[in-house]
Structure formats: structure tokens, C-alpha cells
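Undergrad:
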């Protein structure tokens, strides 16, 4: 390292992930708040600025930083585009401000001397070199005043301490010995990456006639139903041709009958692979009609990307090198010993042709992106090489910064976090298996109050085609209502697999957390007229989410104490606490529960005082209550409602018009 | 990034500081325990090894890692030398172990087939390429067995699952597609860096005759006293010539009288600067006699490095460019407005000659290192450029890895931590200002149970020439005893400024935390016969520290609950919990306090059970008690003892010799 006169150090930049190894995530309309510790030796004051730019911009935009406390500095910027932004911090000794501070102290103690004013003259001279032209006159006048030995010293000193003088000096700071931090990256996604409500359905089960195979046009007819509930993402399981070899029958039975449709995840047949459409769903024109219809209904289509092949997939014949060969010459099917999944061939990421394989997989995404799709739910990414995903996601994100990728990885935390860090936009979570209050508090504190929130966007699902928990199997309607409210209020992104959810189907195959007569293996016919029992609750909750920015983000989250282990209380708030929502959920599906809160009023944007009055408006049943201070009584009966979703409003001060009371 | 078949990822290496930006610190005889998350996609098993080496070694030493839980792997190594060591982790898919695991499962479920054994043959063939010569026969035999289609399949499979077969395969793993982590650095210091007891005295106050100026030979006569108390570092304030211009008189009075010696920190006169010796202390021969005598007494000398100059320092005349020039042509003295310290000229790290200044300052260290000194207490490093320290400490540490630098920076936490990160071996702390139980618990958790412990070695001082807290001013003997026990047991490094400490001097200058008639400004004469009141306690405590490895480290530290806010309970333990010490301190200097513990038995190396019996042996008064479970009664009377220092011993099982009781 070289001998330097740079005395400023810059540390602990935020937001950052793994000390800057990965970009942090933000969405298009989020203010990006940056902080850093900027400090030097001794007692001199420092000044800091933030530089930021998009990938496409040649020049940095500069934003002055404000001093918070101790050595912490802050600035914010609004993203200028989708895609990568970088920022860095610059700091230097603020000689002028240091001199002003010390001069002020000396004048107050009456120990200022001529030499102190001479120092000011030096600083003004430095500022005059390359000063802003409009400031030149003011700086010269200040210099003359400071140098005027005929005038009283104190007056000359005071002249240098006015706001005008401070402005002149600050604007024309020559910035000596600037320290520049490392750069940090932010990946800016669409707002929908931050806030979305997903609805999953099986297209083949949307035919109006029982037993018929649904088409894209049948799905179009289902859109008013889905949009009517307030969802904005329509997610379809894989829409590709399904293999016949070793096809599974109903309830995952080995050996399908002639009419059994097979699992949509057993992708590929003579009719094509990952870029083809299952002929019974429709064709490219039908797919495009569906895309257009979604847009008309305020929905966006999400496709399922499952990188695995049935034995009939064209790649098996065309690229045997992409699969693992068994010693007996056959292709290795999926296994989780002792179980065998002979209808699935996993791809071999140890192939001798990684480039060919990776480009083909990327090409699948590119194909559907070219068709107009921008949202993909990725099946089991943790069974494919991370190196592949890191490359593929970066390539796709650079070309298509409006893309959203949802990672479906129910596995060990480090793997889930690795996938999120390397670029997946959203991620499924352990939500379905969190039941107790302490479990919720610990898990969501980890997701929202640690570095995890910088890169992992949680997407909560109470059910999926693979997950029907014992809680839903046994809990009855109150369980369905409770889990729905939890998923939709804990996280800004959530999803539901329907219509089995709103129909409250709860029967499982014996011994497993899986639906009986799973739609994965057979076509169903759903009668949705009249609308299912939970249709109204889901509609209401989605409307509450759309009306409340507090529920459209995850960063501002707090757990509140409530003296009952069956009652979970948490709040979410928009930036600047403009909109605050307090949720209280009864975790007991069979009994009424009551308790007294001990609210963290400051986190609710209220004065931290026992006398603070405020209104809580229950957005579910429209009731309003006047609360006071941290301790307030709540009760919930599962037969009536699973939760309170309170909009928290400071009590309006009573203003009397002239001449009368209100 | 290139297309790769490497599937393993390696993350979260420890120990690390700031994701590897700085080396972590260890001492020569500490086991370096390393961990990393090593994982891949899918369900294949991984294997990991640790590589480590010193700076001088060309080749890595390899250590197999053991799997802890989830994806965490562990290995350790013993440092081979002082100085920088680096380590890295390598991971790869363990094909053989994966195959063995799956084969075992399939055999148990009776679904293993010929193809599974064929896979084993492939793996053995891979192992045979480049195998260890002694293993060749065993591998061939295993291959033959697996391939022997005449033998029963299950037997052939079982042959591949024996320990011997596992060993053959593991030792000859071809290690395909290895992922190598980034390297991490460890700075290995002497054991004394981890565990030391410092005693500070003013040499000039060691003359046997009152009023005389002490010499190095007088200090030699003081060594039995210091060593007798059990200290192992003797730290002297600056031993250089003292300036006369603006010399301070007693109690920091402006204007010294003709006999006032001035502050040792006002360094430099016509008699020399930082590489010279104050003529009244002695000469180079005297200094070397002192060094030798220290060694004979089991002490090591530490010098004070204070990079500042009196106006009379030779550098002022020889290198005016190293000082800040005032606008009126004079040199800028130290200021903390409105205070002026005209006897001190700070160095200007914005000099136009940084290389000249930095080399000269490094040269000061090199001079005293050449004289035989290896320990330096650095005065106010936070008022000198961090860039300078980063360079200087790295240069010195590389040439002299046995050097110990103690940072005296009482300033903001981020500055203290920055100095430690960039290389200071030990650091003063906020100890003197921690009084309440909650303050202690929070501060020492921060120091010992966060990443801070990887780079910041705390050195606790209850007093210094600049610090006489109100607590000691007002608390009487119990306060002195309490603070001594706290400093000496909380941290493995501690120090005391004497003999004012053991004499319990407590009078301060009005309104400041500073000694009245401070030794900084005048010569004292200390009568140490008979030994001062605290001599025995200090001796006893230093002996306890030397007898107990638990107190010679800071990593294993735990706070224990005790139901009395005036009683602080904490434990320290050696690696592997061989030696465990539980300290209970009475923070009330005037009243007896009692309470019941709620011990974390596991952290004390005991079975976590209410019935666990163990002995606690109070090392201060030799009392022994039989305790049981987590809850035990303690009481402390400040008139008797400030604390219990309990050695915790599991109760020995009672073993009866043949024929009789014990």
C-alpha cells in the first residue's frame, strides 16, 4: 500500500449482502436508504457523499450524506430503472466545518486569536480556487472581512459562522484527500417482485364439462373468478407435453391407465419438451390469447420451470450426454433411496457438455420470455447446480430486468438463502410448518430483521399441490381462514393453490402431507358457482392488502407482546410510518382466546406514552375501537374471525370551528 | 464465469473478520478451530478438507474436515509459527460415500440391483487410477467381489460397506470437480498476547531517596516487588528526554518551576527524541541492564510509544514539514478547543512527505526492537492516521511476529475496533466506566460473544495515570478490591498502574477523573515496605490466573443468572471445559449482598440436571462448598471479600477400594 495522506475510513456500508459479494434487492418504487460509517483519526469533522448510478449510466449521481449519530452517515436515492445499480461512499476531512466549529468554541470562550482568522483566510483561498462562479464574490467578501485587521476580531469571526458563509464554504470545498469506498450493488426489480398475490391452478381442470381436459380458453373463462378474488399473478404448473413411459396414475400409482393424464412435471414426449405446449391445452395462439386475457383482467401469467425430463423427452434422444448414464447403459432416473421415480430423468450437471446444457436451459427461459412471460416459478432449484443458476439468473436478469423468478426450494436454510443470494427474486418459505407463536416470532424475525431481508423475498403459501399439512387436514374452516390471513399479512408476497384451498379440501393420502386424489395425477372438475366458502374472505384480505402500503413490504415488521401464547401480534408499516397495520391472529382453531397487548407504540408511529390514544379499525369486520397506551384487550373467537387486521390511526386532535363544538 | 461441473459451494468460513478483509487473531498455543458451510445441490454427500500454511511454507497442510450438523464442517490445526497463517476449504461431491449410503438403504429395503453394484465397480475403477500403492490390492479385491455375479448380491453389496472398504474408497477418492474457497488469514501472536498481567510504574519515582529522580537501576531494585505480585509485563511511560518549552508543572499547571520534571509524554529536547533516553533515567547500558534484569525476574519490558513532540524535539527543527504550520508561521500545537496544549506538537499526517514521516515513525519502533523490546503500549493511536498504522503494524508484524502492541484509544467504538482490526494486538477498553450489572453483561457479551472476539483482545485497567474514576475516589478499599478482581478475571489481559493502585490512592483533582498530584507532572517517593494494603490480594489473584487456564482466555465466557442486581456472575472455561472458573462479584461496595444463582450448567461442563452435584472451591479464601443443580445460594460482604472466584469441579464418583469404604 502506498504512503497516503488520506485519513478518512469508510466501513459497514448498507445495504450489503456478505460484505458486498451479492447485490442487495430493492424494488422500483422503494427508496434505497444507504448508510456507512465514515470516520477519521483525531477530532476533525468529516463530510460524506453518496455516488450511485445504473449499469447504463456513465456518470455517478452525487447525493450529500447527512450525519446520523456517532460516525454513521445516511443518504437515499430512488432507483432510476430496473436492473443493477451501484453505489459507493466518498469521505474527506471537512477542513472548513472543522475550523468553524473550533472558531465558534474559541469565540464563546473568548480565546480566539488573529491566527484563527488567518486560518479562515487560508480556507477561503482554497475554496476560491475552482469555486462556483456565482459564489466567487461572496467568498472574496468573506476573505476580505476575515483579513480586515481594523475590525473587531469577534465580529470578523462571527461573519464566518453565518449560514451564508457555511454555504459558501461547503459548496466550494476543495475536497482534499478523498477516500472512496468499495462499490456495492443493488438489484432493482419491479414492484411486483416486492408485492404480489399468486393463485395456482391446474389448467386441465378448468373445463366446464366434468372429465374433459381443460384448455387455455377454459382458463380464460376462469380469469374473472381469480381476478375477482384480487390475485395478480396466475401461476400454472408446467404446460408442456407429458411423458407416457412410467406415467403415474391417480394418487401416484405406478402404472397409469389409458386415460390418466400423468403429472405435468414429467415433462416431454414425442410432441415436444420444455418449449412445446401440451396439445390438449392448446397451441401457441391459444397461449397468446390467454396472455392477453390475463392482462385485461389485471393478472400476469407465471409459468413453472422444472428442469427435468420424462423418458420420452426429445433431449433424452438428442442429448444423452445431458443425463447420467447407469453402468448398465440405461439412463439414471430420479431416486431418493429406496424410492425410485422412473418417470423422471434428472439432468446431469456433471455432464461433459456444461455449456451446451446450460445454454439449452437458458434457452427455455428465453423461449417463454419471447412469448411474453416474465414470471417463472422454478421447481426444486436446489436439485440443480448453483453455479448454473448463478450464471443463468445473471444472464436473464441483465437482458430482462423485469423478470421475476420464484424459487421453490423446501430444503435446508443455507441452500434456500444461497439461491436467494445468487439471484432468485422471491422464495417459498417454511411458512406452512410454522404453527406456534414462538416459531412464528423467531422465523419472521430471522427473515425480516436480519441481513436476510436484503436478499430473500419471502412468498408464503399455506398449501401447494405437494403440501397439505396436518394443520389444514384437521383444523376445519378456522384453520383455513387463519392460515390465509397469516400468509397474506406476514409477507407482502403470498400465494394459494386453488380452488382446493377456498373449497377447503382437507383429505390427505394416508401418512403423507399430500392431497388425496391429487390434481397432479388426475383431472378434476371444480364447481365454483356459487363461489366457494373462502372466496369472500380471500377477496376481502386481498383488497385490504391493496389498500394498505404497510402490507406491501416486509422491512418494517415488528412483533408485539401479548400475554397469551395462542395470540400472535405483529405490525407492519410503510416507510415513514404513514400506514400502519397491526395484526392479531388466534392460533387456536377451536377456542376463543383473549389477552392484553403490550404494544411497542413507537413502532406503530405513536407517542411512547401510557396516555397515547389511537383508533384501531378492524379491516375485516369494520369495527372501530379506541385504544390507549400499550395495554389493550383483544379477543378472537375462531367461529367468528381468525384475526384482527387493525389499521392503526393516531387519534385526530379535536378542532372546534369558530363558535361551536364538534 | 465459465461453464463448470463444480457443484459444491463453500460459505461462511470461520474464523473471519469482515468476510475475510482482516486476519483473525489467535495465539501460539491455541488450537485454531475452523468451520465452513460446504454444500451442493440435490442429496449427494460432500467431503471437505482444510488446507493451511504459514507465510513461509510453500505447500498446504491438509486436514480432513468432520461433518458437524446440517452443512457445517469443522477442522482444526495448531499454529506452526508466529505470524500469518492462511487457510482455505476444499469441497467436492463424495461419489463413493454417496453410493455406499444409497446402497445400504437399498439393501435394507431389498431393492438393490445388479446395476447398483456395477456402479460400485465404476467407482473402484476410478479409485484405482492413481491409487495409493498399498491400497491397490485391496481395491482390486473389492472390485472383483463387486463384479462377481456368481455370488449373492447382498453379500457382494455388504462387502463394499465394511469399514475397510470405506477406508479404501475414501483414501483413494479421485476428488472430481473440487471447489476451493477463498483463503482466510489468521495472525498468530505469542501466548503473552492472549494472557498477560501488566504493571505500570514511573521509573523516576523509584529512587530510594525522597525527591531524587529514579533511574533504570532503581527500577531494577523494584522488580522483585512487581514480580512478587505476579505481574509479567512491566510497562513504563515514555523514557525519552522531556521538552522544557511550555513544560507543565504539578497538577498540569502552566509554567513549570526549575525542578519540575514535566510530563514524560512531552517528548523531545536538545538531548534527543523518540530514540533517545532521558539522561536522568540512565543510558543505553542502564537500559540493557534493566531489560536483562526483567528477564531474570520473569518480567518483560513494555515501552510507551507516543507519536507527538514537545516544541524542543529535534524533528521540529529537522523536519518542519512533519508538523502543521499555522498561518502566522508558527507550528500548530495540540488543541481541543477551547483547551490548548502548548507543550505538545502533534504530527501532521497530511504532510507532503508521508513516506518520510511514516518511515521515521516506523524507525522508532525498529530502534527499540533492536534494543530488545517486543511490547509497546501505543499512546492515543486514534489521533494518528489509520492508514499509517495499517502500514506500520503490518510491516512490523511481518519482521517481528513476536511483537505485541497495546492500543490506548478511549474513543468511539468503531475507532477502537478499527485499530484492533488493522492489527493492534491488544486494546484498552471501557472497563473503568462499567459499573452496573447490565452494563457489564452487555459489554462483555459484545467483546466475547460476537465477531469482536476474533480481532479485539481486551486489556482491562481499573486505573491509569489519566483515569481515577469516581467509583475509586469514593468507594474505599472495597471498590479497589472489587475492580481489581473484575479486571483480572473478566479479561485474560489486564493491567494496573501502581503503586498508587495497591496503595489505594483516591484523591482527585477537583472536577476531573484524574489523580491529585499526578505522577505525570511530579516525582513521587513510594514507601513500599511493608507492602501496600492490596499487595496480598493482587498476588493471590495473579496466582489464581496463572493456575487456571480458564482465566487465560476470553472466548469461552458466559453470563449466569443470579437474582440480585448487585451480584454479577460469569464463568470462563478452557477449551474442552477442562478448567472452569465461576466468578461472582458484589457490585455493592457498602452492603452485604446475597442471592440465588440460576447457572447454565452445560457451560460449566456439568450435566444439565437439577440433581447434578459439584464442588465449588473459592480460590480466594480456600472455602469449599458442595453445590447442586443450577440454583445455589451465594453471599458476599464487601468488608470480607469483593468476590468469589470459584473453581468448579464435578463431584468425583465415590470409588470404594476392595474391602473398604473411602
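Protein chains in written order, with the working numbering: chain G, 1 to 662; chain A, 1001 to 1662. In this text, a Cβ means the ideal position worked out from N, Cα and C, and glycines have one as well.
Which word fits residue 1270/A, buried or exposed, when buried means at least 16 other C-beta atoms lie within 10 angstroms of its C-beta?
TA: exposed
Undergrad: How about residue 1264/A and residue 1237/A: do their beta carbons lie closer than 9 Å?
TA: yes
Undergrad: Start and end of the beta strand (DSSP E) containing residue 1011/A?
TA: Annotation for residue 1011/A: the continuous beta strand (DSSP E) segment containing it runs 1009-1014.
Undergrad: Among the candidates 167/G, 219/G and 477/G, whose CA atom is the shortest distance from the CA of residue 286/G?
TA: 219/G
Undergrad: Hey, is residue 70/G's beta-carbon within less than 9 Å of any beta-carbon in chain A?
TA: A Cβ of chain A is located within less than 9 Å of the beta carbon of residue 70/G.
Undergrad: Does the distance from the C-beta atom of residue 35/G to that of residue 14/G stay below 9 Å?
TA: yes
Undergrad: Do you know how far the Cα of residue 520/G is from the Cα of residue 465/G?
TA: 7 Å
Undergrad: Have a look at 258/G, 571/G, 614/G and 577/G and flag the residue whose alpha-carbon is nearest the alpha-carbon of residue 644/G.
TA: 571/G
Undergrad: Chain G beta carbons: is any one of them nearer than 9 Å to that of residue 993/A?
TA: The structure shown does not extend to residue 993/A, since chain A is modelled only from 1001 to 1662, so the question has no answer here.
Undergrad: Pull up the CB-CB distance for residue 1460/A and residue 1431/A, whole angstroms please, since I reckon it's below 8 Å.
TA: 4 Å
Undergrad: Thinking C-beta only, is residue 187/G closer than 9 Å to residue 28/G?
TA: For residue 28/G and residue 187/G, no; Cβs fall outside 9 Å.
Undergrad: Could you check whether the Cβ of residue 6/G sits closer than 9 Å to any Cβ belonging to chain A?
TA: yes
Undergrad: Can we say the segment 1407-1426 of chain A touches the segment 1380-1395 of chain A, given the rule of at least three CB pairs closer than 8 Å?
TA: With a cut-off of 8 Å, the segment 1380-1395 of chain A and the segment 1407-1426 of chain A count as touching, because enough Cβ pairs lie within range.
Undergrad: Going by beta carbon distance, what residues of the same chain come within less than 6 Å of residue 1221/A, once the five residues before and after it are set aside?
TA: none
Undergrad: I want to know whether the segment 1194-1203 of chain A touches the segment 1487-1503 of chain A - three or more CB-CB distances under 8 Å.
TA: The segment 1194-1203 of chain A vs the segment 1487-1503 of chain A: in contact.
Undergrad: Assign residue 1140/A to buried or exposed, taking buried as 16 or more other Cβ atoms, counted over all protein chains shown, within 10 Å of its Cβ.
TA: exposed
Undergrad: Take residue 386/G as the anchor and find which of 278/G, 358/G and 374/G has the nearest alpha-carbon.
TA: 358/G
Undergrad: One question on the structure: do residue 321/G and residue 352/G come within less than 9 Å of each other, judged by their Cβ atoms?
TA: yes
Undergrad: What does residue 1573/A pair with, by DSSP beta-bridge criteria?
TA: 1580/A
Undergrad: For the alpha helix (DSSP H) that residue 1082/A lies in, which residues bound it at each end?
TA: Element bounds for residue 1082/A: n/a, residue is neither H nor E.
Undergrad: Closest to residue 72/G by C-alpha separation, out of 648/G, 40/G and 149/G, would be which residue?
TA: 40/G
Undergrad: Report yes or no: do three or more beta-carbon pairs, one from the segment 330-340 of chain G and one from the segment 1091-1111 of chain A, lie closer than 8 Å?
TA: Segments in contact, yes.
Undergrad: Kindly indicate if chain A contains any beta-carbon less than 9 Å away from that of residue 410/G.
TA: Taking Cβ atoms only, chain A never reaches closer than 9 Å to residue 410/G, which makes this a no.
Undergrad: Could you name the residues of the same chain whose beta carbon sits closer than 8 Å to that of residue 1627/A, not counting the 5 residues immediately before and after it, in chain order?
TA: 1613, 1614, 1615 and 1616
Undergrad: Which residues mark the beginning and the end of the beta strand (DSSP E) in which residue 1426/A is found?
TA: Taken as a continuous stretch (DSSP letters only), the beta strand (DSSP E) holding residue 1426/A covers 1426-1428.
Undergrad: Measuring only the C-alpha atoms, how far is residue 21/G from residue 418/G?
TA: Going by the C-alpha atoms only, they are around 12 Å apart.
Undergrad: Which residues in the same chain have their Cβ closer than 8 Å to the Cβ of residue 1444/A, if we skip the five residues on either side of it in sequence?
TA: 1490, 1557, 1559 and 1570
Undergrad: Counting only C-beta atoms, is residue 1109/A closer than 9 Å to chain G at any point?
TA: yes
Undergrad: What residues in its chain sit with their C-beta under 6 Å from that of residue 1522/A, if we drop five residues either side in the sequence?
TA: 1250
Undergrad: What does residue 1181/A reach in chain G if we use C-beta pairs closer than 9 Å?
TA: Correct list: empty, because the minimum Cβ distance to chain G is about 12 Å.
Undergrad: At a CB-CB cut-off below 7 Å, which residues of chain G make contact with residue 1018/A?
TA: 19
Undergrad: Answer yes if the segment 478-485 of chain G comes into contact with the segment 631-647 of chain G, meaning at least three C-beta pairs across the two stretches below 8 Å, and no otherwise.
TA: yes
Undergrad: State the DSSP-derived secondary structure class of residue 291/G, mapped to helix, strand or coil.
TA: helix
Undergrad: Identify the contact partners of residue 9/G in chain A, using a Cβ-Cβ distance below 7 Å as the criterion.
TA: 1386 and 1418
Undergrad: For my contact list, residue 266/G and residue 242/G are in at a C-beta cut-off of 8 Å; report their separation, rounded to the angstrom.
TA: Yes, they are in contact, since the Cβ atoms of residue 266/G and residue 242/G sit about 6 Å apart, within 8 Å.
Undergrad: By how many angstroms is the C-alpha of residue 75/G removed from the C-alpha of residue 577/G?
TA: Roughly 19 Å between the two C-alpha positions.
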